[in-house]
Structure formats: C-alpha cells, structure tokens
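Participant:
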Amino acid sequence: MRIIDKKDFIEFVNLLITKDARTVVGVKAKGDKFIYDELASADELRLDFDVTVLSPKKYFMPPTETLLEYDLSSDFKVMSVNEVTPLIIIGIHPYDLIALQQMETVFRDTYPDANHLLKLERSILIGTNMQNVSPHSFAASMGTATTRYGYDLMLTDIGDSYYVELGSDRGEELLERYARVSMPDESHKKRFEAVINGIVGKFQKKLNFPADELPAILAKTYDSDLWANKAEKCLSCGSCNLVCPTCYCFDVQDVTELNLRKGERIRTWDGCLLEDFAKVATGENFREDRASRYRHRFMRKGKFLHERFGFIACVGCGRCASGCLPDIADPVEVYNTLKEEVL
Ligand code: SF4
Ligand code: SF4
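Using this note's numbering, you'd call the opening residue of the sequence shown number 677 and step up by one each time.
1. List the residues that DSSP assigns as beta-bridge partners of tyrosine 839.
2. Give the C-beta separation of methionine 677 and valine 809 to the nearest angstrom, bearing in mind that I take them to be a contact with Cβ-Cβ under 8 Å.
3. Is any heavy atom of ligand 3 found at a distance shorter than 8 Å from the C-beta of arginine 971?
4. Skipping 5 residues on each side, what residues in its chain have a beta carbon closer than 6 Å to that of valine 701?
5. Can you look up glycine 767 in the DSSP assignment and give me helix, strand or coil?
6. Should proline 1002 be counted as a contact of ligand 1 given a C-beta to heavy atom distance under 8 Å?
7. Counting along the chain, where does the alpha helix (DSSP H) carrying leucine 883 start and finish?
8. Can you give me the Cβ contacts of valine 1010 inside the same chain, cut-off strictly under 8 Å, excluding the 5 residues immediately before and after it?
9. Buried or exposed: where does lysine 881 fall if 16 or more other Cβ atoms within 10 Å of its Cβ makes it buried?
10. Taking only runs of the beta strand (DSSP E) that begin and end inside the stretch 703 to 758, which ones reach a length of at least 3 residues, in chain order?
11. Can the beta-carbon of leucine 831 be found closer than 9 Å to that of asparagine 805?
12. Following a CB-centred definition, is lysine 977 positioned closer than 8 Å to any heavy atom of ligand 1?
13. Taking Cβ to Cβ, would you say arginine 995 is nearer than 9 Å to histidine 812?
14. CA-CA distance, valine 931 and cysteine 920?
15. Taking just the CA atoms, how far does leucine 1019 sit from threonine 761?
16. In the DSSP assignment, what residue or residues form a beta bridge with threonine 699?
17. Can you check which of these residues, Gly959, Cys910, Gly843, is closest to alanine 967 by C-alpha distance?
18. Within the present structure, is the beta-carbon of phenylalanine 814 separated from the nearest heavy atom of ligand 1 by less than 8 Å?
19. At which residues does the alpha helix (DSSP H) containing leucine 794 begin and terminate?
20. I need the straight-line Cα distance from threonine 781 to aspartate 772, nearest angstrom please.
21. Could you have a look at isoleucine 942 and say whether DSSP puts it in helix, strand or coil?
22. May I ask you to report which of helix, strand or coil DSSP gives lysine 651?
23. Would you say the stretch 912 to 919 touches the stretch 937 to 950, given that touching needs at least three Cβ pairs under 8 Å?
24. From tyrosine 627 to serine 863, what does the alpha carbon distance come to, in whole angstroms?
25. Report yes if the C-beta of glycine 992 is less than 8 Å from at least one heavy atom of ligand 1; otherwise report no.
26. Run the proximity test for leucine 902: is its beta-carbon closer than 8 Å to any non-hydrogen atom belonging to ligand 2?
27. Going by the C-beta, is proline 770 closer than 8 Å to any heavy atom of ligand 1?
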C-alpha cells in the first residue's frame, strides 16, 4: 500500500503522459457520459465517473481488427498481423477489471489468441474504486463491486489523497519511477476501510437472491413465457451485446482488393441478438426468432459459460440495461422475475 497526495497524483499522471513510452488512456467526460480515450493532460481524467459507455475491452478486442494480410502476386504469402499499442489505462472499476480477467480466461482457452493476449500483457491497468454508481449497475449482487486482483495499481479516493494498492511489480515500478508516495498510517487505513465498506450500500439495483443460484434458476426456466413476452419489443439492434464487457463473439471476413491479388482477413464484433448471428452457409438460421436470441444472451451469461468456465459472465455493470431503447434488457428485472417463477 502507498499514499499519494492528490496534487502529486496530477503530477504523476502528467509525467506518465509526457515521459512514458506507452500511450496513456483514461476516463473522460463526453457530454453527460463518460468514455475511455487517450489523455492529453491529467486535467481531463475523471475518476468520479459512474460508468463508461464502453468498457476497456475495446483496447484488447477492438471493434474491427486485421488478423492477417495475404498477397497472391507472386508466391502465396500470408502475414499475420497483431497491432499492439502498449497502454497505461487509468480508472477501471472493479467490475470491468473482473470482466477483463474473464475475457483473458476465454481467450487463453483451447487456442490462445495472441491478438488479444499480447495487447493485455503489454498494458498496465490502474483500477479505481467506485465513487459514484450507475443507477443500472448491480455489481454488488454479482460480487464485483470491489476486487483484490486484476490490476497493477488500485486507487481509492480517501479525501485529500489516494490510497494505492499494489497489484504487481510493474505497478510498483511505475510508482517508483514517476510518483511521490508515502506509506499509509492508521488514519489512512481507517479512511480506506470506511470507503470500501460504504461501496456496497451505494447500489440501488439488486438481485433478490444470491448470484450463485442463477445457473439453477435458468435451467428451470428455459421454457418460461418471459422470453417471448420480453422479446416482443426487441429491435434486434444488438446494443446489449456490443456494450457488454463480457461479450466476445466476433465475425471473420476476407476483404479482397479489386485486383483479386491482395487482401486482409478482419474480425469485427458480433452479437447473438443480431438476426444474422446464427445464420449458416445454407441460409439456415438456427436462432431465427427474436425470443430464442433474446433468451440465449441470458442463458449464455448465467448458465452456459458458468458450466464451461466456472464463472457467471455478467459483472453487473448495467450497460445493457441503459443501452436498450425498449428497456427490456435489464438482467436484474429478468433474473428476479425468473426467481419468482421457480419459487
Ligand atoms: S450482461 Fe449487461 S450487466 Fe452483465 S456484464 Fe454484460 S452489459 Fe454488464
Ligand atoms: S438492446 Fe434491447 S432491443 Fe436491442 S437487441 Fe438488446 S434486448 Fe433487443
């Protein structure tokens, strides 16, 4: 643990921006929302954000990414592409740190994905405990309101200074190199504990049952009428997938130049709510109706991925609820209703 005064923290961030070789990214205000973007100065950094529009996943799994280039001009040549920009990301809430850990597990599974993993390995993650909570977030119910892992440094605002937890040697080295810090005394520790103990009480949205009951509840409600009733209003826009920090499905396409000699293979974000997601080569679509697509997202988050990896792949950020125009995507509303059905 270390303590860094707020004025020294500003200097620390400005030194990272001007002296470190990595690109410094942080949370900035954009209108009445918050986004991750490159920082030009510490003044732009907003650690009082409630939630960002997209999670930091976008840096490790970009919305569009070239995987390889090919050239048939003479010999058949295929070059793998992995564009890595080492980053320092400042201001990641615990639920998004846990989501990044889940994604790392997914991208290490079966065929480790170098495009994802190398970007993650070369970046420094600086977390921040929540000062404000989105009205849609239910991270406290998912056990993701705080975390003891997944970061290089973790900041907690304790008034005139930040309480800094060291999560890795790389994080400690960063502080040694660029920051003026001191050791915490008893007063710092008490203030830190008071802040941490107060976080759970800030959440308005809650599950009415322990989250580990979710896989069993979903197993019993696969044929519930809720899916079709809710999906009647679904626009199949895919927003709930695209804003989610734990959605990782992608589509792969070959884009060939007009001369038919050169081209590239790209992958782009995809989502199970989109109509074409489950369409296969013969034109068959094995989740053609909206209700089955709508149900699939909840089943996958709360049951299927739990069976495969042992975690519930929803960290309770609430982005899907706030991004859904007809207001049908809120997991708390869906899961609490299903719990009542199985009582
Ligand atoms: S399902 Fe919704 S609440 Fe859960 S992690 Fe994804 S966007 Fe966040
Ligand atoms: S955001 Fe809402 S309307 Fe759009 S696909 Fe998801 S559930 Fe359907």
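All C-beta atoms, glycine included, are put in the ideal place defined by N, C-alpha and C.
Facilitator: Quick look at the numbers:
1. According to DSSP, tyrosine 839 bridges with Ile679, Thr832.
2. With a Cβ gap of about 24 Å, methionine 677 and valine 809 do not count as contacting.
3. Among the ligands modelled here, namely ligand 1 and ligand 2, ligand 3 does not occur.
4. Same-chain partners within the cutoff: Tyr712, Glu714, Leu763, Ile765.
5. Correct three-state label for glycine 767: strand.
6. The answer is no for proline 1002.
7. Counting along the chain, leucine 883 falls outside any alpha helix (DSSP H), and DSSP gives it neither H nor E.
8. Within its own chain, the residues whose Cβ lies closer than 8 Å to the Cβ of valine 1010, once the five positions on either side in sequence are excluded, are Leu902, Lys906, Phe974, listed in chain order.
9. Around the beta carbon of lysine 881, 16 or more other beta carbons sit within 10 angstroms, so the residue counts as buried.
10. As far as the stretch 703 to 758 is concerned, its whole beta strand (DSSP E) runs of at least 3 residues are 709 to 714, 740 to 747, 753 to 756.
11. Contact check for leucine 831 against asparagine 805 passes: the beta carbons are separated by less than 9 Å.
12. True, at least one ligand heavy atom lies under 8 Å from that Cβ.
13. Yes; because the gap between Cβ atoms is below 9 Å, this pair is in contact.
14. Going by the C-alpha atoms only, they are around 27 Å apart.
15. Rounded to the nearest whole angstrom, the CA to CA distance from threonine 761 to leucine 1019 is 50 Å.
16. Leu763, per the DSSP bridge assignment.
17. For alanine 967, the nearest C-alpha among the options comes from Cys910.
18. It does: the Cβ of phenylalanine 814 is within 8 Å (strictly closer) of some heavy atom of ligand 1.
19. Counting along the chain, leucine 794 sits inside the alpha helix (DSSP H) bounded by residues 790 to 797.
20. Taken atom to atom, the span from the alpha-carbon of threonine 781 to that of aspartate 772 is near 14 Å.
21. Reduced to three states, the DSSP call for isoleucine 942 is strand.
22. Summary: the structure shown does not reach residue 651, with the chain confined to residues 677 through 1019, and so no result is reported for it.
23. The stretch 912 to 919, when compared against the stretch 937 to 950, does touch it at the 8 Å Cβ threshold.
24. Residue 627 falls outside the range modelled here, since the chain spans only 677 to 1019, and no answer is possible.
25. In this structure, glycine 992 has its CB closer than 8 Å to one or more heavy atoms of ligand 1.
26. Between ligand 2 and the CB of leucine 902, the shortest heavy atom gap is not smaller than 8 Å.
27. No, the beta carbon of proline 770 sits no closer than 8 Å to any heavy atom of ligand 1.
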